[in-house]
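>
Here you go:
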C-alpha cells in the first residue's frame, strides 16, 4: 500500500516479471497473472475477475483460454497480482474477488491500509529518502546549479517524496520554469507540458476545461443510492456526452493523458493515472468555489456534497493549493474542520504557504486535549505548525507533553523539526536513555530469539510432521475406499469408536481432512464429530464447520450456541465458527454472549458480531470499547471496523477527544470503509434526497445541514481570524 504515485503499480509489475522468470525455469513454480481492477466489468462476455484474468492471459498468448485457467486453479499454481483494490467500488465486484481468492496466492496494491479487505499482511511503500531524490536529480541534471538542485530537492520533500512527484518536478525543472510552490501548481504545469507537446495545438484553458468536465463527471456516483461512489472509467458514449462532442474526446486523446482500452464500439475512457483525474476534478471544483461560498446554503453544499466524501479529499486538497483568495481558503478549512478535525487539519496544510499561518492557527485554536492538538498540528505537515508545537514544549516541560510533541514533529523530517526534536531529547534524561539504549534493546531481543531457535529440535519436529502426514494419507485412503460401500456417517462412527491410543493423531486430523476431501458433503460427518465425547475432537470439528457456508451448518451452530452448559472451549468454538460462516442471521444468543462473565467468550462474540456485521449490536460494542480489559477494547474496535457502519463515529470521536488516542486508527478505518467522514452530515444529505425534498447531487443547492461537531469536547469557529492573538479573550459561544 502507499499514497498516489508512490510506485505501487511499478513494484507489482516488477514482482510479476520476477515470478514469471522463476516459472520459466521451474515447472512447479506459481504462474503469475497481473490484472488491473480499474478495468473490472460487472457485465459482458469477460465480466468479473475471471474475465480480467482471461484477458491478461490472452494478452500474453492468444491461444490461452478458460480451460488453461481451470488447469492452473486445479494445480494450485495461480499467483494473482491485483493492482488497485481501492479502485474496486461495487460490493458485488468486491464479493466476486474475495470469493475467487479464497484458496489462491494473492498480492495486491491499494492506497490505504484498510480498503475493507481485512488483509492481514501489509507492506507500506515508504517515501523516497532525500539521498535517493538527490541522486536521481544529480544523475539527470549533472550541469545544474547546486543551489537550484537543493531547492528542487526541498520542494520534493514538501510535496511528498513519491516517484511520480519527483518525475513531474524534474520535467518542470528541465524547462527552466520556476519551481511550483504547491502540489496543485505542480500538476497544472506538468499537464500543461503534455498539452503543449501534443501534435495538434489547442488553447491550454480550453483543454483544461474539457478534461475538467470529464473528470468532474467521472467523480459523480453511478449508483443513485450511494453518493460515495465514483468511476475510474466510463464508456466512450458517456465521455462524448460529458464533453458535448465526439471531436472533443478525439482531441483529448492526443495529449496522452487519457487511455481508451477495449475494442471499437466497446471502448472505455479513463485517465492514465487516478491522480490526474483527481487533479482535473480539482480544477472543475475550483471554478465552482466562489458560488459555493456565496452564502450559508452554498457552504452546506460544499460540506455535504464534497468535503464529507473521501473520494473528494484529494481533489479538494489539490484545489486548495490553487486557490488565490485567502478568504476562500480559510472558509474551506473552517468547513472541513466542522466535518472532521483530521480532514480540516490536513487541508489547513494544503493551502498555499502564504495562507498557512492563518489556517494552521485555526487548528491550534481548537479546544481539545494537548495530545490531540499535537496530532492535528502534525497532520497539517506545515512548517507553520512547528512554532506552536515548540510553544507547548516551552510552557509545559513534562515527559508526556514532550512525547506528544516529538510524535507530532517526527513525520515532518525538515531541518527545523529535526532541530526541535534534538532539543527536546536533550532536555529529558529518560528520552536520552531510550535513544542510547535502543540498539542495545534490539540486540537483546535478537539474542533471545536466537536462543529460542537453538533450543528447537528440528529433527524431532520434522519426524513428527512426517508421521502426521503419513497418518493423514492413510486416513484419506481409508475414507475414499470405504465410501464406495458405506455412508460417511458409519465411517466416522467407526473411527470414533477406536481406542484413543490407536487413533490419537489420526482422529485429530479427521475433521480437517473431511472438509478438504469432501467439502459440503462432509457436513454429516462433521456434525457427528461435533457431538463426540472427546472435547478436542468436538472443537476441531466445530472449527471446520465454520469454514463451510451452508444453511444446515448455520442452523446447527445456532442450535448449539443456545446450550450455555457447554465447556468454555466448545462455546467459544461455536461462537467463532458462526462468525466464520458469514451468516447474516443476527442471533440474540450471540449478542447476549457480549455480557458473558468469561472474557474469552466475550472476545469470541465480539469477533463474530464483527464478521457477520450485526448492526443492532453497535451500542453494545461501543460499551465494550470502554471495557476495563484491553483485549475486549481491542476486539470491539476491530469489530466496529468490520461492520462498516458510520453510526459509531460520533461516540468514538467523543472518546478520542477525551484522551483515547488509540481510537485514531479505528476512526480512520471506519471512515475509509464508509467512504465518508461525518455520519450526521451524510444522513442529512440522504434525508435531503428523499422524493418529497429538493435534491442536490454536487450541483444544485441542497437543504441546510445542521452543523455537527463530534470531534472535540468544544469547537469554536472564529470568523475574523485576522484578529487572532496568542492569548485571545474568552471566545463567545459558537453560532447556532
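Numbering (my numbering), first residue to last: 166 to 901. Beta carbons: idealized from backbone N, C-alpha and C, even for Gly.
Please report the straight-line C-alpha distance between residue 314 and residue 519, rounded to a whole angstrom.
Whole-angstrom Cα-Cα distance: 23 Å.
> Considering only the alpha carbon of each residue, which of 654, 249, 175, 553 lies closest to residue 203?
Ranking 654, 249, 175, 553 by Cα distance to residue 203 puts 249 first.
> Can you give me the C-alpha to C-alpha distance between residue 737 and residue 801, rounded to a whole angstrom?
One C-alpha to the other measures close to 16 Å.
> Any idea what DSSP makes of residue 184, helix, strand or coil?
The answer is helix: DSSP assigns residue 184 an H, G or I state.
> Check residue 433 in the structure and name its three-state DSSP category.
Of the three classes helix, strand and coil, the one that applies to residue 433 here is strand, per DSSP.
> Quick one, are the C-beta atoms of residue 772 and residue 746 less than 9 Å apart?
In this structure, residue 746 does not lie closer than 9 Å to residue 772 by Cβ.
> Quick one: is residue 650 buried, meaning 16 or more other Cβ sit within 10 Å of its Cβ, or exposed?
Burial call: exposed.
> Considering only the alpha carbon of each residue, which of 517, 240, 716, 436 lies closest to residue 489?
Comparing Cα positions, the closest option is 517.
> My understanding is that residue 269 touches residue 243, with C-beta atoms under 8 Å, so please give their C-beta distance in whole angstroms.
Right, their Cβ atoms sit about 5 Å apart.
> Mind checking whether residue 774 and residue 808 have CB atoms under 9 Å apart?
Yes, the Cβ-Cβ distance between residue 774 and residue 808 is below 9 Å.
> My output table needs one value for residue 440: the three-state DSSP class, helix, strand or coil.
In this structure, residue 440 counts as helix in the three-state DSSP scheme.
> Taking only the alpha-carbon atoms, compute the straight-line gap between residue 590 and residue 572 and give it to the nearest angstrom.
For residue 590 and residue 572, the distance between alpha carbons rounds to 12 Å.
> Answer with buried or exposed for residue 182, where buried requires no fewer than 16 other C-beta atoms within 10 angstroms of its C-beta.
By the 10 Å Cβ count, residue 182 comes out exposed.
> Taking the straight line between their C-alpha atoms, what separation do you get for residue 852 and residue 846?
When rounded, the distance between both Cα atoms is 10 Å.
> Alpha carbon to alpha carbon, what distance is there between residue 525 and residue 708?
Going by the C-alpha atoms only, they are around 53 Å apart.
> Thinking just about the alpha-carbon of each residue, which of 474, 433, 423 is nearest to the one in residue 811?
Nearest C-alpha to residue 811: 474.
> Quickly, what does DSSP pair residue 271 with across the bridge? List them, please.
Residue 271 pairs with 245.
> Between residue 640 and the rest of its own chain, which residues show a CB-CB distance below 7 Å, the 5 nearest in sequence each way excluded?
Here the set comprises 671, 674, 675, 678.
> Buried or exposed for residue 777, going by 16 or more other Cβ atoms inside 10 Å?
Counting Cβ neighbours within 10 Å, residue 777 comes out buried, since at least 16 surround it.
> Answer yes if the region 284-294 comes into contact with the region 256-265, meaning at least three C-beta pairs across the two stretches below 8 Å, and no otherwise.
The answer is no - the region 284-294 does not touch the region 256-265, with fewer than three Cβ pairs under 8 Å.
> With burial defined as no fewer than 16 other Cβ atoms inside 10 Å of the residue's Cβ, what is the status of residue 894: buried or exposed?
Its pLDDT being 40, under 50, residue 894 is placed unreliably by the model, and the measurement read from it follows with that caveat. Under this definition residue 894 is an exposed residue.
> By Cβ distance below 8 Å, which residues in the same chain neighbour residue 542 in space, the five residues on each side in sequence not counted?
Answer for residue 542: 510, 525, 528, 529, 550, 553, 554, 573, listed in chain order.
> Output the distance between the C-alpha atoms of residue 349 and residue 317, rounded to the nearest integer angstrom.
Spanning the two alpha carbons is a distance of roughly 16 Å.
> Could you tell me whether the Cβ atoms of residue 501 and residue 481 are closer together than 9 Å?
Contact flag set, yes.
> Going along the chain, which residues of its own chain have a beta-carbon closer than 8 Å to the beta-carbon of residue 176, five neighbours each way excluded?
For residue 176, where only same-chain residues beyond five positions count, the Cβ hits under 8 Å are 274, 290.
> For residue 885, is the classification buried or exposed, using 16 other Cβ atoms within 10 angstroms of its Cβ as the cut-off for buried?
Confidence at residue 885 is low in this model, with a pLDDT of 39, below 50, so the placement of that residue is unreliable and no value is reported for it.
> Where do the ends of the beta strand (DSSP E) carrying residue 351 lie?
Where residue 351 is concerned, there is no enclosing beta strand (DSSP E), although the alpha helix (DSSP H) it sits in stretches over 348-361.
> Please state whether the Cβ-Cβ distance between residue 381 and residue 445 is less than 9 Å.
For residue 381 and residue 445, yes; Cβs fall inside 9 Å.
> Output the distance between the C-alpha atoms of residue 880 and residue 388, rounded to the nearest integer angstrom.
Its pLDDT being 44, under 50, residue 880 is placed unreliably by the model, and the measurement read from it follows with that caveat. Going by the C-alpha atoms only, they are around 35 Å apart.
> Checking the sheet assignment: what are the DSSP bridge partners for residue 461?
Answer is none; residue 461 lacks a bridge partner.
> According to DSSP, residue 704 sits in a beta bridge with which residue or residues?
Per DSSP, none; premise fails for residue 704.
> If we ignore side chains and look at the alpha-carbon of each, how far apart do residue 454 and residue 468 end up?
In a straight line, the C-alpha of residue 454 is about 12 Å away from that of residue 468.
> Could you work out which residue in 710, 563, 729, 698 is closest to residue 722 when comparing CA atoms only?
When only C-alpha atoms are compared, the closest one is 710.
> Distance, Cα to Cα, residue 173 vs residue 757?
Answer to the nearest angstrom: the Cα atoms are 44 Å apart.
> Checking contacts by CB at 9 Å: is residue 676 closer than that to chain C?
No chain C is part of this structure, which consists of one protein chain only.
> Where does residue 892 fall in DSSP's three states?
With a pLDDT of 37 at residue 892, under the threshold of 50, the predicted position of this residue should be treated as unreliable, though the coordinate-derived value follows. In this structure, residue 892 counts as coil in the three-state DSSP scheme.
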